[in-house]
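Numbers given in this note's numbering equal positions in the sequence shown, counted from 1, plus 44. Quick reminder that beta carbons are idealized off the backbone N, C-alpha and C, glycines included. Just so it is clear, the structure is predicted and the values come from calculations on it, not from any experiment. Right, one structure below, let's go through it.
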Amino acid sequence: MSLYEKRQHLTRESILSILNAAVQDTDHQKTDADNILVYGNNGALIKAKTKNQELLVKCYQEHDLVFAEGPAGTGKTYTAIALAVRAWKNKEVRRIILTRPAVEAGEQLGFLPGDMKEKLDPYLQPLYDALRDMIPAKRLESLMEEGIVQIAPLAYMRGRTLDHACVILDEAQNTSLSQLKMFLTRMGKDAKFIITGDTSQIDLVRKSDSGLSQCMDLLRDIKGIAFVRFDTGDIIRHPLVRKIVAAFSGLPASGSTAPSPKTSTKASKAAASKATASESATKTSGSGTSPAPASQEIG
Numbered sequence: 045m046s047l048y049e050k051r052q053h054l055t056r057e058s059i060l061s062i063l064n065a066a067v068q069d070t071d072h073q074k075t076d077a078d079n080i081l082v083y084g085n086n087g088a089l090i091k092a093k094t095k096n097q098e099l100l101v102k103c104y105q106e107h108d109l110v111f112a113e114g115p116a117g118t119g120k121t122y123t124a125i126a127l128a129v130r131a132w133k134n135k136e137v138r139r140i141i142l143t144r145p146a147v148e149a150g151e152q153l154g155f156l157p158g159d160m161k162e163k164l165d166p167y168l169q170p171l172y173d174a175l176r177d178m179i180p181a182k183r184l185e186s187l188m189e190e191g192i193v194q195i196a197p198l199a200y201m202r203g204r205t206l207d208h209a210c211v212i213l214d215e216a217q218n219t220s221l222s223q224l225k226m227f228l229t230r231m232g233k234d235a236k237f238i239i240t241g242d243t244s245q246i247d248l249v250r251k252s253d254s255g256l257s258q259c260m261d262l263l264r265d266i267k268g269i270a271f272v273r274f275d276t277g278d279i280i281r282h283p284l285v286r287k288i289v290a291a292f293s294g295l296p297a298s299g300s301t302a303p304s305p306k307t308s309t310k311a312s313k314a315a316a317s318k319a320t321a322s323e324s325a326t327k328t329s330g331s332g333t334s335p336a337p338a339s340q341e342i343g
């Protein structure tokens, strides 16, 4: 309207310009709406914030089984749970099932007071925390009593058939290959599975017992399975976390021959320096987005 008031007439070019601007604005609004996974408590908008989180969302929409592997703080589990909540709210699934191995507990469970739920809850707390951001506490408690939302250790999955559910296995790096096989073969009709893990944070006594990497290699060529690799560019926690993860990545893997302290320190400093440089480059470019996905391999 302002253009017409200035010129008192509209040319063909000006009309096309106005229409193009309107289409672009509509597309931008649609993209923002598509990125929103779920409306959290207190009106918070929960959406994918990095390229690999967006890739995880896309892979989930196109595949029934998705592996999301990468360092801590990248939002793998949080994004996966948001996808599960959205799927349930949209009536795409009937249940949300969250599980993780309770390796941190080990044999100490027998010495802890209380029933089994009280003993295991502390090890499942990160899953509760994410759900409480998306579902009001009283409503969540009711859904859990009804069995619509289930949170349980991986061992409790044995013998079950998980139909019409979005199922998330968290901390999968702490599972053996046989445990992963047991879990994956629970998949029933109209089920969606997401497996998240970080192969740099294995809590098993013998790191070699972790079956996550081997499992991904075995399944890599199967159609219907997607793999998303997160990296330090996806870390959305405190800015220092990215530098800390990068610094620790310079240390030798467990069981390998450790380099001299001087060499190890140099490697750690170099990794931290690289993370700082990457962060500076992102700020200089004026873009708040993370770098392009490190890799996506879809069978």
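Boundaries of the beta strand (DSSP E) around P197: V193 to P197. Exposure of P180 is indicated by the presence of fewer than 16 other C-beta atoms within 10 angstroms of its C-beta. Between the C-alpha atoms of Q245 and Q217 there is a straight-line separation of about 7 Å. Contact between T121 and P170 holds, since their C-beta atoms are separated by about 7 Å, short of 8 Å. Assignment of beta strand (DSSP E) within the segment 209 to 259, counting only whole runs of 3 or more residues, yields 209 to 213 and 236 to 241 in chain order. Partner residues in the beta bridge of I141, as assigned by DSSP, are Q194 and V211. Inclusion of D207 and G232 in the CB contact set at 7 Å is warranted, their separation being smaller than that value. Excluding its 5 nearest sequence neighbours in each direction, R176 has C-beta neighbours in its own chain below 8 Å: N85 and L184, listed in chain order. Around the beta carbon of L164, 16 or more other beta carbons lie within 10 angstroms, which makes this residue buried.
If you draw a straight line from the Cα of D265 to the Cα of T55, it is about 56 Å long.
Assignment of beta-bridge partners to V82 by DSSP yields I90.
Distances from the CA of G114 to each of F292, V272, L284 and H282 were compared; the closest alpha carbon is that of V272. In this structure, the alpha-carbon of D247 lies about 7 Å from that of V147. As computed with DSSP, E113 is found in a beta bridge with G241 and R273. The segment 86 to 94 makes no contact with the segment 209 to 224, as fewer than three CB pairs between them are under 8 Å. E215 and I269 have their C-alpha atoms spaced approximately 19 Å apart. By the Cβ test, the segment 285 to 292 is not in contact with the segment 94 to 112, since fewer than three Cβ pairs between them sit closer than 8 Å. Beyond the five residues adjoining it in sequence on each side, L263 comes within less than 6 Å, by CB distance, of I269 in the same chain, given in chain order. For E136, no alpha helix (DSSP H) segment is defined, and its DSSP state is neither H nor E. Around the Cβ of V82, a 10 Å sphere holds 16 or more other Cβ atoms; the residue is buried.
When only Cα atoms are considered, I140 and A174 end up about 13 Å apart. In this structure T240 does not touch A116 by the C-beta definition: roughly 11 Å separates them, more than the 8 Å allowed. Judged by their CB atoms, I238 and T118 are not nearer to each other than the 7 Å cut-off. The alpha carbon of L109 has as its nearest neighbour, out of F227, H282, G277 and S254, the alpha carbon of F227. Of the residues assessed, K182 falls on the exposed side of the cut-off, its CB having fewer than 16 other CB atoms within 10 angstroms.
The C-beta separation of L221 from Q258 comes to about 5 Å, placing the pair in contact by the 8 Å criterion.
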